[in-house]
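Chemist:
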Amino acid sequence: MTATATAAIAPLATAMVARKNDFVLSGPVGSFDAYMDKVSRIPVLSREDESVLASRFRDEGDLEAARQLVLSHLRFVVHIARGYSGYGLPLGDVVQEGNVGLMKAVKRFDPNVGVRLVSFAVHWIRAEIHEYVLRNWRLVKVATTKAQRKLFFNLRKMKKNLAWLSAEETLAVARDLKVSPAEVTEMEKRLAARDLAFDPVPDSGSEDGDETYSPAAYLPAPDADPAVQIENAEWEDTTGDRLQSAIKTLDPRARDILVSRWTGEANATLHDLADKYGVSAERIRQIEANAIKKLRGLMSGL
Numbered sequence: 001m002t003a004t005a006t007a008a009i010a011p012l013a014t015a016m017v018a019r020k021n022d023f024v025l026s027g028p029v030g031s032f033d034a035y036m037d038k039v040s041r042i043p044v045l046s047r048e049d050e051s052v053l054a055s056r057f058r059d060e061g062d063l064e065a066a067r068q069l070v071l072s073h074l075r076f077v078v079h080i081a082r083g084y085s086g087y088g089l090p091l092g093d094v095v096q097e098g099n100v101g102l103m104k105a106v107k108r109f110d111p112n113v114g115v116r117l118v119s120f121a122v123h124w125i126r127a128e129i130h131e132y133v134l135r136n137w138r139l140v141k142v143a144t145t146k147a148q149r150k151l152f153f154n155l156r157k158m159k160k161n162l163a164w165l166s167a168e169e170t171l172a173v174a175r176d177l178k179v180s181p182a183e184v185t186e187m188e189k190r191l192a193a194r195d196l197a198f199d200p201v202p203d204s205g206s207e208d209g210d211e212t213y214s215p216a217a218y219l220p221a222p223d224a225d226p227a228v229q230i231e232n233a234e235w236e237d238t239t240g241d242r243l244q245s246a247i248k249t250l251d252p253r254a255r256d257i258l259v260s261r262w263t264g265e266a267n268a269t270l271h272d273l274a275d276k277y278g279v280s281a282e283r284i285r286q287i288e289a290n291a292i293k294k295l296r297g298l299m300s301g302l
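Okay, so the sequence shown: first residue is 1 according to the numbering used here, each after it adds one.
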């Protein structure tokens with residue numbers, strides 16, 4: 001649920017949860033049968049009672065009136081939610097999203113229009129459930145625009161007892177839903193696809209796991225290009241030869257200081273070399289710095 005939607009129904013939701021000893025709106029918790037038992041015990045409002053409660057909520061901000069309106073229509077939310085059981089999502093979660101839509105409908109309901117709340121609320125309930133289905137049915141969204149959402153739900157309903165659509169059936173669906181045949185074909189492919197784990201665990205059904213395939217197995221390694229490997233190897237060889245040639249141009253003391261400081265198994269300290277040559281540690285550091293600077297110039301010129 002978005003932050004805007006949460007803010008819009010927050011007072012009503014708070015009022016619902018505040019009466020948790022009677023009923024909690026936050027959705028089915030635990031046994032769904034127990035939830036249905038509670039919902040079925042809530043009496044259905046008459047047209048007159050519904051109008052009075054809706055007027056109290058609209059004119060006076062009476063949250064208790066809104067609460068009664070919502071509770072009396074929860075069974076209707078369950079009825080709508082059952083129609084989405086084929087998407088493989090928990091029915092309790094679908095009902096919970098439908099309850100959010102019901103609260104939004106109660107907030108916007110005008111009793112003077114002359115329609116019952118149940119007729120007005122169906123749009124809001126379905127809208128919330130649709131958003132939930134699209135967010136959770138697949139890891140990758142199958143519908144991102146309004147036209148694609150409409151196509152997603154209608155095409156899936158049409159294909160319940162059909163295999164792949166023929167060219168004539170595709171044209172008929174496109175004409176009925178006012179979309180292009182290409183969009184129908186693309187959505188049909190998305191509906192037929194299945195999510196694949198990027199890096200799944202080995203298949204327990206095989207002895208060595210060789211039958212497990214995943215996208216991760218087909219990604220090239222960063223160093224898999226033979227040309228890059230040869231280039232790197234040649235660069236390392238050439239750099240090593242050039243470094244050896246540059247070191248030979250240094251005077252013996254500077255060469256010994258660099259070798260002792262950087263290439264020995266136990267690198268010598270500045271004080272160790274100062275004692276060896278009878279100079280200060282600072283002088284050893286200066287000789288080292290000058291030698292490194294000279295090497296850089298020689299390496300760039302070779």
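Note that beta-carbon positions come from the ideal geometry of N, C-alpha and C, so glycine has one too. Keep in mind that this is a model prediction, so the values were computed, not measured.
According to DSSP, is residue 31 helix, strand or coil?
Modeler: What you label residue 31 is simply residue 31 of the sequence shown in a count that begins at 1. Residue 31: coil per DSSP, three-state reduction.
Chemist: If contacts are defined as beta-carbon pairs under 8 Å, then residue 91 and residue 121 qualify, I think. What distance do you get, rounded to the angstrom?
Modeler: As a working note, residue 91 is residue 91 in the sequence shown. As a working note, residue 121 is residue 121 in the sequence shown. The pair is not a contact, with the Cβ atoms about 19 Å apart (cut-off 8 Å).
Chemist: Inspect the beta-carbon positions of residue 76 and residue 66 and report whether they are closer than 9 Å.
Modeler: Taking the sequence shown and counting its residues from 1, the one referred to as residue 76 is at position 76. Taking the sequence shown and counting its residues from 1, the one referred to as residue 66 is at position 66. Contact: no.
Chemist: If I follow the unbroken alpha helix (DSSP H) through residue 233, where does it start and stop?
Modeler: Here residue 233 corresponds to residue number 233 of the sequence shown, with the count starting at 1. Run containing residue 233: 226 to 248, per the alpha helix (DSSP H) assignment.
Chemist: Suppose contacts are defined by Cβ-Cβ distances below 9 Å. Is residue 129 in contact with residue 84 by that definition?
Modeler: Walking along the sequence shown from the start, residue 129 turns up at place 129. Walking along the sequence shown from the start, residue 84 turns up at place 84. Contact: yes.
Chemist: So residue 277 is in the alpha helix (DSSP H); what residue range does that whole segment cover?
Modeler: Within the sequence shown, numbered from 1, the residue matching residue 277 stands at position 277. That run of the alpha helix (DSSP H) goes 270 to 277.
Chemist: Run through DSSP, which three-state label would residue 290 get?
Modeler: Numbered from its first residue, the sequence shown carries residue 290 at position 290. If DSSP states are grouped into helix, strand and coil, residue 290 belongs with the helices.
Chemist: I need the DSSP call for residue 55, collapsed to helix, strand or coil.
Modeler: Residue mapping note: residue 55 aligns to position 55 of the sequence shown, counting from 1. In the structure shown, residue 55 sits in a helix (DSSP, three-state: H, G or I).
Chemist: Less than 6 Å between C-beta atoms, sequence neighbours within five positions excluded: which residues of the same chain meet that for residue 271?
Modeler: Taking the first residue of the sequence shown as position 1, residue 271 is located at position 271. For residue 271, where only same-chain residues beyond five positions count, the Cβ hits under 6 Å are 281.
Chemist: Tell me the rounded alpha-carbon separation between residue 80 and residue 226.
Modeler: Indexing the sequence shown from 1 puts residue 80 at position 80. Indexing the sequence shown from 1 puts residue 226 at position 226. Spanning the two alpha carbons is a distance of roughly 59 Å.
Chemist: Note the first and the last residue of the continuous alpha helix (DSSP H) segment covering residue 77.
Modeler: The residue labelled residue 77 in the question sits at position 77 within the sequence shown. That run of the alpha helix (DSSP H) goes 74 to 81.
Chemist: Starting from the Cα of residue 286, find the closest Cα among 300, 258, 263, 297 and give me that residue.
Modeler: Working through the sequence shown from its first residue, we reach residue 286 at position 286. Looking at the Cα atoms, 258 is the closest of the given residues.
Chemist: Should residue 125 be labelled buried (16 or more other beta-carbon atoms within 10 Å of its own) or exposed?
Modeler: Looking up residue 125 in the sequence shown gives position 125. Residue 125 should be labelled buried.
Chemist: Nearest-angstrom Cα distance between residue 114 and residue 82?
Modeler: Taking the sequence shown and counting its residues from 1, one reaches residue 114 at position 114. Taking the sequence shown and counting its residues from 1, one reaches residue 82 at position 82. Rounded to whole angstroms, residue 114 to residue 82 spans 28 Å at the Cα level.
Chemist: State yes or no: is the C-beta of residue 99 within less than 9 Å of the C-beta of residue 74?
Modeler: On the sequence shown, position 99 is the one that residue 99 refers to. On the sequence shown, position 74 is the one that residue 74 refers to. Yes, the pair counts as a contact, with Cβ atoms nearer than the cut-off.
Chemist: For residue 266, which residues from the same chain have a beta carbon less than 6 Å from its beta carbon, with the 5 sequence-adjacent residues on both sides left out?
Modeler: Stepping through the sequence shown from its first residue, residue 266 is reached at position 266. Here the set comprises nothing.
Chemist: DSSP three-state call for residue 116: helix, strand or coil?
Modeler: Your numbering for residue 116 matches position 116 in the sequence shown. Note: residue 116 maps to coil in three-state DSSP.
Chemist: Residue 47: buried (16+ other C-beta within 10 angstroms of its C-beta) or exposed?
Modeler: As a first step, residue 47 must be located in the sequence shown, where it is residue number 47. Its Cβ having fewer than 16 others within 10 Å, residue 47 is exposed.
Chemist: Considering only the alpha carbon of each residue, which of 104, 94, 54 lies closest to residue 132?
Modeler: Working through the sequence shown from its first residue, we reach residue 132 at position 132. The shortest C-alpha separation from residue 132 is found at 94.
Chemist: Return yes when the Cβ of residue 34 is within less than 9 Å of the Cβ of residue 329, no when it is not.
Modeler: Since the first and last residues shown for the chain are 1 and 302, residue 329 lies out of range.
Chemist: Measure the beta-carbon distance from residue 50 to residue 69 and round it to whole angstroms, keeping in mind my assumption that it falls under 8 Å.
Modeler: One-based indexing of the sequence shown puts residue 50 at position 50. One-based indexing of the sequence shown puts residue 69 at position 69. The pair is a contact, with the Cβ atoms about 7 Å apart (cut-off 8 Å).
Chemist: How about residue 246 and residue 293: are their beta carbons less than 9 Å apart?
Modeler: Position 246 of the sequence shown, counting from 1, holds the residue named residue 246. Position 293 of the sequence shown, counting from 1, holds the residue named residue 293. Their beta carbons are not under 9 Å apart, which means residue 246 does not touch residue 293 by this criterion.
Chemist: Thinking residue 187 and residue 151 are a contact (beta carbons under 8 Å), I'd like their distance in whole angstroms, please.
Modeler: Within the sequence shown, numbered from 1, the residue matching residue 187 stands at position 187. Within the sequence shown, numbered from 1, the residue matching residue 151 stands at position 151. Correct: roughly 5 Å between the Cβ atoms.
Chemist: Run through DSSP, which three-state label would residue 251 get?
Modeler: The residue labelled residue 251 in the question sits at position 251 within the sequence shown. If DSSP states are grouped into helix, strand and coil, residue 251 belongs with coil.
Chemist: How many angstroms separate the CA atom of residue 72 from the CA atom of residue 88?
Modeler: Locating residue 72 in the sequence shown gives position 72, counting from the first residue. Locating residue 88 in the sequence shown gives position 88, counting from the first residue. The straight-line gap from Cα to Cα measures roughly 28 Å.
Chemist: Which of the three DSSP states is assigned to residue 136 in this structure?
Modeler: Here the question's residue 136 lines up with position 136 in the sequence shown. Reduced to three states, the DSSP call for residue 136 is helix.
Chemist: For residue 109, verify whether its CB is less than 8 Å away from any heavy atom of the ligand GDP.
Modeler: In the structure shown, the ligand GDP is absent, as is every other ligand, since no ligand is present at all.
Chemist: Could you check where the alpha helix (DSSP H) with residue 101 kicks off and where it finishes?
Modeler: Within the sequence shown, numbered from 1, the residue matching residue 101 stands at position 101. 91 to 108 is the extent of the alpha helix (DSSP H) around residue 101.
Chemist: On the criterion of 16 or more Cβ atoms from any shown chain inside 10 Å, does residue 261 qualify as buried, or is it exposed?
Modeler: Here the question's residue 261 lines up with position 261 in the sequence shown. Classification for residue 261: buried.
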